[in-house]
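J.: The structure under discussion is supplied below as structure tokens; questions concerning it will follow.
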Ligand code: PMP
């Protein structure tokens with residue numbers, strides 16, 4: 510029997526906390542709203558922009574519930590997935606005492622977010638083929654949160670759904686956070702449907718990648734209600750600006766989702782073209798399951814210089830495991846044409 514109890518993992522002082530009672534949360538009924546020191550004037554085309562927004566705008570949450578197949582009560586909208594990472598750390602980790610675990614090379618914000626809160630990081634390594642190492646549960650100590658990025662940034666590699674499920678089951682006293690920021694590029698690997706089976710699972714999502722809304726700052730945490738209730742104790746009173754929830758709700762309409770899927774298919778095509786050329790010029794390219802490819806080069810300094818000289822800004826890494834690698838985000842067809850021309854010219858230099 511699974512004895513997971515989210516409250517036992519939470520920072521104990523939070524259990525005593527009465528969250529800030531914002532005017533919006535207290536609410537009321539009537540025609541004259543003078544309870545929140547807002548302005549009575551709306552100077553914008555957006556309805557009610559002079560008023561504070563709902564903490565968790567119902568239209569947005571319902572739209573994401575429809576899209577993800579998860580219940581509205583299992584969703585928190587945040588300022589990007591980055592804020593969701595921070596909220597989890599602030600909810601479950603006591604500074605100077607608790608730790609998180611992650612598997613690198615991976616997305617840097619798990620460790621940075623923990624460090625800004627004086628929370629320790631058990632940084633385990635992925636295997637040479639970018640899978641979870643054997644016996645990792647024995648190595649995470651009392652880590653409260655175990656971050657698994659799938660598809661993984663920056664390698665672009667994927668861990669099978671079966672192995673992720675095994676991981677969730679192998680750490681029943683921790684919260685396993687599966688970061689699915691890139692899942693729209695490989696949707697068959699999502700574990701969001703496992704929420705009904707595992708109380709210790711959290712899935713992170715974002716509109717910054719496939720939905721093309723990085724500038725809007727909108728992400729989601731999917732989890733069972735016991736975890737959601739605890740995170741709601743630490744979230745800001747108004748984390749989702751009104752213009753953001755309007756844009757995001759539109760992106761999650763059936764037209765918005767159709768557009769997203771078309772763009773994902775097109776980006777995947779450009780990624781395949783790019784991968785072929787990278788291989789042609791001798792790079793070792795990892796299986797690209799997100800919207801980017803990580804390529805290892807024998808002459809990485811030369812390639813990096815070539816890109817810079819041609820005004821192409823790709824991502825190189827300080828991590829010694831990635832010293833010979835460059836990450837290429839998939840781009841438009843015209844941008845990919847240019848990139849391919851530049852890469853092919855390296856063969857002639
Ligand atoms: N997780 C991963 C794996 C990412 O690569 C990123 C963005 N680089 C994020 C989370 C953060 O996404 P957001 O823009 O929603 O904060």
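Numbering (this note's numbering), first residue to last: 510 to 858.
Glycine residues also receive a C-beta, built at the ideal position from the N, C-alpha and C atoms.
Only a predicted model underlies this, so the values are computations on that prediction, with no experimental measurement involved.
Ordered along the chain, which non-local residues of its own chain (more than five positions away) have a Cβ less than 7 Å from that of residue 812?
T.: 806, 835, 855
J.: Would you kindly work out how many angstroms separate the C-alpha atoms of residue 768 and residue 518, rounded to a whole number?
T.: Spanning the two alpha carbons is a distance of roughly 40 Å.
J.: Would you say the stretch 721 to 729 touches the stretch 696 to 705, given that touching needs at least three Cβ pairs under 8 Å?
T.: No: the two stretches stay apart, fewer than three of their Cβ pairs being nearer than 8 Å.
J.: Just reading off the beta strand (DSSP E) that residue 631 is part of, what are its end residues?
T.: 629 to 634
J.: Which residues does DSSP pair with residue 838 in a beta bridge?
T.: 801
J.: Alpha carbons only, please: which of 548, 852, 719 is nearest the one belonging to residue 690?
T.: 719
J.: Give every residue of the same chain whose Cβ lies closer than 6 Å to the Cβ of residue 824, excluding the five residues on either side of it in the sequence, and list them in chain order.
T.: 836
J.: What does the Cβ neighbour count give for residue 664, buried or exposed, with the cut at 16 atoms within 10 Å?
T.: buried
J.: Using 8 Å as the threshold, is the stretch 646 to 665 in touch with the stretch 603 to 621, meaning 3 or more CB pairs across them?
T.: yes
J.: Compare the C-alpha of residue 544 against each of 673, 560, 674 and name the closest.
T.: 560
J.: Where does residue 520 fall in DSSP's three states?
T.: The DSSP-derived three-state label of residue 520 is coil.
J.: Using three-state DSSP, classify residue 741 as helix, strand or coil.
T.: coil
J.: Compare the C-alpha of residue 576 against each of 766, 629, 782 and name the closest.
T.: 766
J.: Is it buried or exposed, residue 588, if we count other Cβ atoms within 10 angstroms and call 16 or more buried?
T.: buried
J.: Quick check on residue 715: does DSSP put it in helix, strand or coil?
T.: strand
J.: Given 7 Å as the limit, tell me if residue 591 has its C-beta closer than that to any heavy atom belonging to ligand 1.
T.: Yes, the Cβ of residue 591 comes within 7 Å of a heavy atom of ligand 1.
J.: Decide if the stretch 548 to 564 is in contact with the stretch 748 to 759; the criterion is three or more beta carbon pairs, one per stretch, under 8 Å apart.
T.: yes
J.: Does the Cβ of residue 526 have 16 or more other Cβ atoms within 10 Å, making it buried, or fewer, making it exposed?
T.: exposed
J.: State the Cα-Cα distance for the pair residue 784 and residue 826, rounded to the nearest angstrom.
T.: 19 Å
J.: Taking only the alpha-carbon atoms, compute the straight-line gap between residue 782 and residue 802 and give it to the nearest angstrom.
T.: The alpha-carbon atoms of residue 782 and residue 802 are separated by roughly 11 Å.
J.: Beta-carbon within less than 8 Å of residue 591's beta-carbon, same chain only, minus the 5 sequence neighbours each way: which residues are those?
T.: 618, 622, 728
J.: How many Å lie between residue 652 and residue 631 at the Cα?
T.: 8 Å
J.: Judging by CA-CA distance, which residue of 579, 615, 580, 626 is the nearest neighbour of residue 602?
T.: 626
J.: Quick check on the DSSP output: the beta strand (DSSP E) that includes residue 608 runs from which residue to which?
T.: 608 to 613
J.: Nearest CA to the CA of residue 861: which residue from 786, 796, 800?
T.: The displayed coordinates of the chain run from 510 to 858. Any statement about residue 861 would go beyond what the structure contains.
J.: Which residue's Cα is closest to the Cα of residue 820: 516, 847, 661?
T.: 847
J.: Using a Cβ-based criterion (distance less than 7 Å to any ligand heavy atom), does residue 688 qualify as near ligand 1?
T.: yes
J.: Could you tell me if the beta carbon of residue 760 falls within a distance shorter than 7 Å of some heavy atom in ligand 1?
T.: Every heavy atom of ligand 1 is 7 Å or more from the Cβ of residue 760, so no.
J.: Using only the alpha-carbon positions, how far apart do residue 705 and residue 520 sit?
T.: 24 Å
J.: Between residue 650 and the rest of its own chain, which residues show a CB-CB distance below 7 Å, the 5 nearest in sequence each way excluded?
T.: Leaving aside the five residues that flank residue 650 on each side, the residues in its chain whose CB is nearer than 7 Å to its CB run, in chain order, 608, 631.
J.: Can you give me the start and stop residues for the alpha helix (DSSP H) that residue 688 sits inside?
T.: Unbroken run through residue 688 is the beta strand (DSSP E), 684 to 688; no alpha helix (DSSP H).
J.: Taking DSSP as the reference, what is the three-state secondary structure of residue 793?
T.: strand
J.: Residue 596 and residue 736: beta carbons closer than 8 Å?
T.: no
J.: Taking all protein chains shown into account, decide if residue 798 is buried (16 or more other Cβ within 10 angstroms of its Cβ) or exposed.
T.: buried
J.: Buried or exposed: where does residue 764 fall if 16 or more other Cβ atoms within 10 Å of its Cβ makes it buried?
T.: exposed
J.: If you draw a straight line from the alpha carbon of residue 685 to that of residue 711, how long is it in whole angstroms?
T.: If you take the alpha carbons of residue 685 and residue 711, they lie about 6 Å apart.
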